[in-house]
Amino acid sequence: MRAMRKQPKGGPALFRLVRFWSRRWANPERPGAPSVHVQVLEAIDAASRRGPASITTVGEELGIDRSGASRMVNTAVEAGYVHKAASNDDARQVELAPTARGNDLLRAARAWQQSMFERLVADWPAADVNQFARYLERLSDQTVIPEGARE
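169 is the number of the first residue of the sequence shown in my numbering; add one for each residue after it.
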């Protein structure tokens, strides 16, 4: 009797990866690396694709409430990674943007992320690596919160 080929289970595999990397996404080669600031910078970058980044949109990107987002943003501001300014449209609102130091940190974090990806797939055929990278980008692009779909 032939063994049945098991159908791949993408969901459980995805969440195993999320659990693994959620504990490691700061650069372990740089102890004390400001991973919380990287999270804020990534959230600002993602939110700014839809318009000006704010504390509310950072909270939405991170899946946390406004007060938690405010604390994280304020810590990043104090560390010199984020600039906070009154909105031109509504002075009661603030707009967030990375500082030059924040952009440097985000570039370094993304370089480390890319190097980790390359290490993980180092023994894969180039065509598989490229296809997998395209699928990851496609999945990531689909996770952006669409305008009007706020919960």
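All C-beta atoms in this analysis are idealised placements derived from N, C-alpha and C, irrespective of residue type, glycine included.
Terminal residues of the alpha helix (DSSP H) in which residue i lies
i, result
"Val204", "203-215"
"Pro180", "178-190"
Among the options, nearest to residue i - alpha-carbon criterion
i, options, result
"Gly270", "Glu229, Ala301, Asp258, Ala244", "Ala244"
"Val289", "Phe300, Ile223, Leu273", "Phe300"
"Leu264", "Lys177, Gly236, Ala215, Leu185", "Ala215"
"Ala211", "Asp291, Gln175, Met240, Ala276", "Met240"
Continuous beta strand (DSSP E) stretch holding residue i: start and end
i, result
"Ala265", "262-266"
Residue i - DSSP class collapsed to helix/strand/coil
i, result
"Ala259", "coil"
"Ala221", "strand"
"Val250", "strand"
"Gly231", "coil"
"Asp293", "It is worth fixing the name first, because residue 293 is Pro in this sequence and not Asp. In this structure, Pro293 counts as coil in the three-state DSSP scheme."
"Gln310", "helix"
- the region 173-183 in contact with the region 212-219 per 3-pair CB rule at 8 Å: Under the 8 Å Cβ criterion, the region 173-183 does not count as touching the region 212-219, having fewer than three qualifying pairs.
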